[in-house]
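**Student:** So the mapping is simple: this note's numbering equals the position in the sequence shown, first residue as 1, plus 6.
All C-beta atoms in this analysis are idealised placements derived from N, C-alpha and C, irrespective of residue type, glycine included.
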Amino acid sequence: MDFKDYYKILGIDKSATVDEVKKAYRKLAIKYHPDKNPNDKTAEEKFKEISEANEILKDEKKRKEYDNLANDYKNYQQSGGKQGFDGYSQGSRNQGNQQYQSNSNRSQSFDEDSFADFFANMFGGHGGNNQSRKQQASKGQDFNAEMEISLEEAYSGTIRLVQLETQKLSMKIKPGVSEGQILRIKGKGGSGTTNEINGDLNITVHIAEHPLFTRKEYDLYCTINVDLYTAILGGKTEIKTLKGKINIAIAKSTANNKVVRLKKMGMPIFNKPEEFGDLYATVAIQMPTNLSEKELELFNQLALLQNGKSA
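#1: Taking the straight line between their C-alpha atoms, what separation do you get for residue 193 and residue 144?
#2: Counting Cβ pairs closer than 8 Å, one from the region 249-264 and one from the region 301-314, do we hit at least three?
#3: Given a cut-off of 9 Å, decide if residue 204 and residue 146 are closer than it, judged by their beta-carbon atoms.
#4: Is residue 285 near the ligand HEM - that is, is its Cβ less than 8 Å away from at least one heavy atom of it?
#5: Could you pull out every residue in the same chain whose Cβ sits closer than 7 Å to the Cβ of residue 195, ignoring the five residues on either side in sequence?
#6: Just to confirm the assignment, what range does the beta strand (DSSP E) spanning residue 231 have?
#7: Report yes or no: do the region 20-36 and the region 53-72 share at least 3 C-beta pairs separated by less than 8 Å?
#8: Check residue 183 in the structure and name its three-state DSSP category.
#9: Out of curiosity, what's the CA-to-CA distance linking residue 179 and residue 16?
#10: For residue 44, which residues of its own chain have a beta-carbon under 7 Å away from its beta-carbon, when the five flanking residues on both sides are left out?
#11: Just to confirm, are residue 285 and residue 216 a CB contact at a threshold of 9 Å?
#12: If you run the structure through DSSP and keep just helix, strand and coil, what is residue 169?
#13: Is the CB-CB distance between residue 181 and residue 40 below 9 Å?
#14: With residue 155 as the anchor, note down where its beta strand (DSSP E) starts and where it stops.
#15: Less than 9 Å separating the beta-carbons of residue 167 and residue 191?
#16: Determine the contact status of residue 227 and residue 275, defining contact as a CB-CB distance below 9 Å.
#17: Check the DSSP bridge columns for residue 176 and list the partner residues they point to.
#18: Among all the DSSP beta bridges, which residues are the ones paired with residue 213?
#19: What ranges does the beta strand (DSSP E) occupy inside the region 238-311, keeping only unbroken runs of at least 3 residues that lie completely in it?
#20: Assign residue 29 to one of three DSSP states: helix, strand, or coil.
#21: With DSSP as the reference, label residue 105 as helix, strand or coil.
#22: Using the C-alpha atoms, what's the distance from residue 291 back to residue 163?
#23: With DSSP collapsed to three states, give me the class of residue 16.
#24: Beta-carbon within less than 7 Å of residue 307's beta-carbon, same chain only, minus the 5 sequence neighbours each way: which residues are those?
#25: Quick check: what's the CA-CA separation for residue 244 versus residue 220?
#26: Could you check how far apart the C-beta atoms of residue 248 and residue 161 are, in whole angstroms? I think they sit under 8 Å.
#27: Do residue 257 and residue 240 come within 9 Å of each other at the CB atom, strictly closer than that value?
#28: For chain C, is any of its Cβ atoms less than 9 Å away from the one on residue 293?
#29: Do residue 236 and residue 264 have their C-beta atoms within less than 9 Å of each other?
#30: Below 7 Å CB to CB, which residues in the same chain sit around residue 242 once its five sequence neighbours on both sides are set aside?
#31: Could you spell out where the alpha helix (DSSP H) holding residue 2 opens and where it closes?
Encoded structure:
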């Protein structure tokens, strides 16, 4: 089995951080996603490769084992690919339920099968030699993808079309889904071997920024404009919510930056559609402009009255 350079596949340095790995994966996943490249086998294979690379390099344990194997492969090539090279003199690898660790008293033969063992172990196989791999059944590889939805879709729930290799699926997203939440479609990943289930498709949900609302867990935050007269005298003002427009009461002498809490006007709780977070609206008082002489005179009178109270 050919060795795969996952760093090269993602276009990153070996010193890349986990965040840099994820950033590179997201960029390439968008470019080569089957939804954007229907019936393109090359893009399809590329998408599989970058998904594999992300799966390994974002996981510290898997990445360390992969890096050890990469060093062994380099030495293996330099030795001319001869059988019996001590490729695991400084590392270890898992096969099935057993741990194989080499030390000064033990040498583990390294050859091309070592790569197949590694990839089988990382993606759900049982390892072992070529014959045992053919005989043993294994779960298919899990695939990873990302999807962006609007805050309105996260609020109400939505249905999205997911393009797979040979079919399209309608995926239901429930109300209240959160940023970064992973939704799993069982059995829609890589094909498993005989008598075993396929891998799963794991979709990470991202929620686009909203022009009015900021979300924190299941609560929403926004700013509402209130004119000076309503802020002083009290009254009602219309605001937008994800349920639609509503009128709320503004108390007399409402101060600038006062926060008004609207219970159960936030996001629905995931898997609990009858429960909601709250909406917190911060008051921004709007000063009147282009005042007439009469209006200015009235404000002067008010100022005198106010000063008289404090005298």
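**Tutor:** From the atom records:
#1: 13 Å
#2: no
#3: yes
#4: In the structure on display, the ligand HEM does not appear, and there are no ligands present to speak of.
#5: 146, 147, 148, 149, 204, 205, 206 and 207
#6: 225-233
#7: yes
#8: coil
#9: 29 Å
#10: 169
#11: no
#12: strand
#13: no
#14: 149-155
#15: no
#16: no
#17: 167
#18: 155
#19: 241-247, 250-256, 265-268, 278-282 and 285-292
#20: helix
#21: Any answer about residue 105 is weak, because its pLDDT of 37 lies below 50 and its placement is not dependable; what the coordinates show is given next. DSSP places residue 105 in strand when its eight states are reduced to three.
#22: 34 Å
#23: helix
#24: none
#25: 19 Å
#26: 5 Å
#27: yes
#28: The chain labelled as chain C is not found in the depicted structure, where only one protein chain is given.
#29: no
#30: 253, 254, 255 and 256
#31: Here the chain comprises residues numbered 7 to 317, so residue 2 is not present and cannot be evaluated.
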